[in-house]
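For reference, each letter of the sequence shown is one residue, going 622 to 729 in this note's numbering. For glycine and all other residues, C-beta sits at the position ideal for the given N, C-alpha and C.
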Amino acid sequence: MSNQPVAVTNETFEQEVLKADKPVLVDFWAAWCGPCKSVAPLLEDIADDQSESLKVAKIDVDAQGELAVKFGVRSIPTLMLFKDGVPVGTQIGALGKGELNEFIQTHS
Numbered sequence: 622m623s624n625q626p627v628a629v630t631n632e633t634f635e636q637e638v639l640k641a642d643k644p645v646l647v648d649f650w651a652a653w654c655g656p657c658k659s660v661a662p663l664l665e666d667i668a669d670d671q672s673e674s675l676k677v678a679k680i681d682v683d684a685q686g687e688l689a690v691k692f693g694v695r696s697i698p699t700l701m702l703f704k705d706g707v708p709v710g711t712q713i714g715a716l717g718k719g720e721l722n723e724f725i726q727t728h729s
């Protein structure tokens with residue numbers, strides 16, 4: 622079974638992200654966002670490749686705007702890496718797989 626990114630809501634954010642037992646890469650995205658669509662398959666690959674050491678979560682900013690505001694998301698895609706419930710790194714804009722892996726390694 623493949624590990625896919627977890628859809629997170631206002632209600633599940635604390636459990637899925639803040640209380641996670643490993644770092645969580647959170648993708649703030651929207652269905653209408655072209656660059657978000659280009660990053661999505663890379664995030665699925667990373668969710669599979671790094672499932673032992675990393676969790677990948679997705680937050681739809683249109684449906685979960687409160688979370689986007691809380692974390693100061695003004696542009697999408699915004700990727701935020703949380704470690705022990707704290708955001709430790711932020712990347713705005715679409716990345717290639719190598720850049721995405723480098724971002725994760727730098728902040729994990």
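Item to check | Any alpha helix (DSSP H) of 4 or more consecutive residues that is wholly inside the segment 666 to 708 | outcome: 686 to 691
Next on the checklist: I'd like to know whether the C-beta atoms of residue 692 and residue 645 end up nearer to each other than 8 Å.
Outcome noted: No; because the gap between Cβ atoms is not below 8 Å, this pair is not in contact.
Item to check | residue 714 - partner residues in DSSP beta bridges | outcome: Bridge partners of residue 714: none, in fact.
Item to check | Three-state secondary structure (DSSP) of residue 645 | outcome: Annotated three-state conformation of residue 645 is strand, per DSSP.
Checklist entry - According to DSSP, is residue 651 helix, strand or coil? => result coil
Checklist entry - Beta carbon of residue 664, beta carbon of residue 677: below 8 Å? => result Yes, they are a contact pair.
Checklist entry - What did DSSP end up calling residue 627 once you bin it into helix, strand or coil? => result Residue 627: strand per DSSP, three-state reduction.
Next on the checklist: Using the three-state DSSP reduction, which class does residue 727 fall into: helix, strand or coil?
Outcome noted: In this structure, residue 727 counts as helix in the three-state DSSP scheme.
Item to check | Residues near residue 654 in its chain [Cβ-Cβ closer than 8 Å; skip 5 each side] | outcome: 697 and 698
Item to check | Between the CA atoms of residue 667 and residue 730 - distance to the nearest angstrom | outcome: What the structure shows of the chain is the stretch from 622 to 729, and residue 730 is not part of that stretch, so it cannot be assessed.
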